[in-house]
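First up is the structure itself, then whatever we jot down about it.
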Ligand code: 13P
């Protein structure tokens, strides 16, 4: 017998495996979580996203108590802050993917609007991306930085660290993380070139037709 939680565990293994296979995560970098009716599933600390085992994925209750599986990612407070401030969030993906991390390091990146609207899909899937100041990995203060945004951003860049993307479910969050990574690659490739941004009207139209992120 398999229930919805078993299915989600399998989906985490499958989609994290795809992220790893395509080089969006290397070594044991990155962590992924999903919201459950009775708590959260999150990848274990120091786990390789390409080698997860369904039964070893950590389960936490609503208060963050560890219920089962291996020791949870040290970034749980970061994930938790997205769930608490964005009721629509069903999954959170944090990566150290190369190009989004490059944007988080470049001095010229606007911390208020890290990813200008250069293509429709980044507007539709990722929305406006804010940079939060550097804080060491695993510092619970990361949660406070995210809470201060009051749920206005589905995606952020952690300065000098990497992207964090939330989505309504795991598939959406993974797709948005990939969209952000590939857009960051375009932005770094286009550095120093004059670029044409989507107009305000075009961005508004995307929001009207496809919904706000
Ligand atoms: P964990 O191995 O604890 O998930 O941490 C990895 C990471 O990406 C830190 O930001």
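Numbering (this note's numbering), first residue to last: 27 to 239.
We put the CB at the ideal spot given by N, CA and C, even for glycine.
Small disclaimer: the values here were computed from a predicted structure and weren't measured.
Next item on the list: Report yes if the C-beta of residue 56 is less than 7 Å from at least one heavy atom of the ligand 13P; otherwise report no.
Entry: For the purposes of this step, residue 56 is identified with residue 30 of the chain shown, where counting begins at 1. Indeed, a heavy atom of the ligand 13P lies less than 7 Å from the Cβ.
Checklist line | Terminal residues of the alpha helix (DSSP H) in which residue 30 lies | finding: As a first step, residue 30 must be located in the chain shown, where it is residue number 4. Taken as a continuous stretch (DSSP letters only), the alpha helix (DSSP H) holding residue 30 covers 30-47.
Check: What number of angstroms, rounded off, separates the C-alpha of residue 135 from the C-alpha of residue 189?
Finding: Position 109 of the chain shown, counting from 1, holds the residue named residue 135. Position 163 of the chain shown, counting from 1, holds the residue named residue 189. Annotation: residue 135 to residue 189 spans about 13 Å, alpha carbon to alpha carbon.
Checklist line | residue 109, DSSP secondary structure in three states | finding: The sequence position of residue 109 within the chain shown is 83, counting from 1. In the displayed model, residue 109 falls within a helix according to three-state DSSP.
Next item on the list: Tell me the start and end of each unbroken alpha helix (DSSP H) in the stretch 111-168 that is at least 4 residues and wholly inside, in chain order.
Entry: Taken in chain order, the complete alpha helix (DSSP H) segments of 4 or more residues contained in the stretch 111-168 are 124-131, 146-151.
Margin query: Out of 50, 147, 89, 68, which one is the CA nearest neighbour of residue 231?
Written below: For the purposes of this step, residue 231 is taken as the residue at position 205 of the chain shown. Closest by alpha carbon: 147.
Next item on the list: Could you tell me how far apart the beta carbons of residue 159 and residue 175 are, in whole angstroms, since I believe they sit closer than 8 Å?
Entry: Mapped onto the chain shown, residue 159 falls at position 133. Mapped onto the chain shown, residue 175 falls at position 149. Going by Cβ atoms, the distance from residue 159 to residue 175 rounds to 12 Å, so no, they are not a contact pair.
Checklist line | Other residues of its chain near residue 236: CB distance less than 8 Å, five sequence neighbours each side excluded | finding: Sequence index remark: in the chain shown, residue 236 carries index 210 (1-based). Around residue 236: 150.
Item checked: Cα-Cα separation between residue 204 and residue 213, rounded to whole angstroms -> Locating residue 204 in the chain shown gives position 178, counting from the first residue. Locating residue 213 in the chain shown gives position 187, counting from the first residue. Distance between the alpha carbons of residue 204 and residue 213 is about 14 Å.
Next item on the list: Examine the ligand 13P and report whether any of its heavy atoms sits within less than 7 Å of the Cβ of residue 84.
Entry: Your numbering for residue 84 matches position 58 in the chain shown. No, the Cβ of residue 84 stays beyond 7 Å of every heavy atom of the ligand 13P.
Note to self: Please give me, in chain order, every unbroken run of the alpha helix (DSSP H) with length at least 4 that falls completely inside the stretch 176-219.
What the structure shows: If we require 4 residues or more, the alpha helix (DSSP H) runs fully inside the stretch 176-219 come out as 196-215.
Next item on the list: May I ask you to check if the CB of residue 72 is nearer than 7 Å to at least one heavy atom of the ligand 13P?
Entry: Residue numbering aside, residue 72 sits at position 46 when the chain shown is read from its first letter. Answer for residue 72: yes, Cβ within range of the ligand 13P.
Notebook entry, point to check: Start and end of the alpha helix (DSSP H) containing residue 233?
Noted result: Counting from 1 along the chain shown, the entry for residue 233 is found at position 207. Its alpha helix (DSSP H) spans residues 226-236.
Next item on the list: Using only alpha-carbon positions, find the residue among 77, 72, 180 that is nearest to residue 118.
Entry: Here residue 118 is taken as the residue at index 92 of the chain shown, counted from 1. Out of 77, 72, 180, the CA that lies nearest to the CA of residue 118 is found in 180.
Next item on the list: Tell me, to the nearest whole angstrom, how far the beta carbon of residue 268 is from that of residue 108; I am working on the premise that it is less than 8 Å.
Entry: Any answer about residue 268 is impossible in this case: the structure gives the chain only from 27 up to 239.
Next item on the list: Locate the beta strand (DSSP E) running through residue 66, then write down its first and last residues.
Entry: Here residue 66 corresponds to residue number 40 of the chain shown, with the count starting at 1. Taken as a continuous stretch (DSSP letters only), the beta strand (DSSP E) holding residue 66 covers 65-68.
Check: When DSSP labels each residue in this structure, what does residue 53 get in the three-state scheme?
Finding: For the purposes of this step, residue 53 is identified with residue 27 of the chain shown, where counting begins at 1. Assignment of residue 53 by DSSP, reduced to helix, strand and coil, places it in the coil class.
Notebook entry, point to check: Does the ligand 13P have even one heavy atom less than 7 Å from the beta-carbon of residue 17?
Noted result: Since the first residue shown for the chain is 27 and the last is 239, residue 17 is missing from the structure and cannot be characterised.
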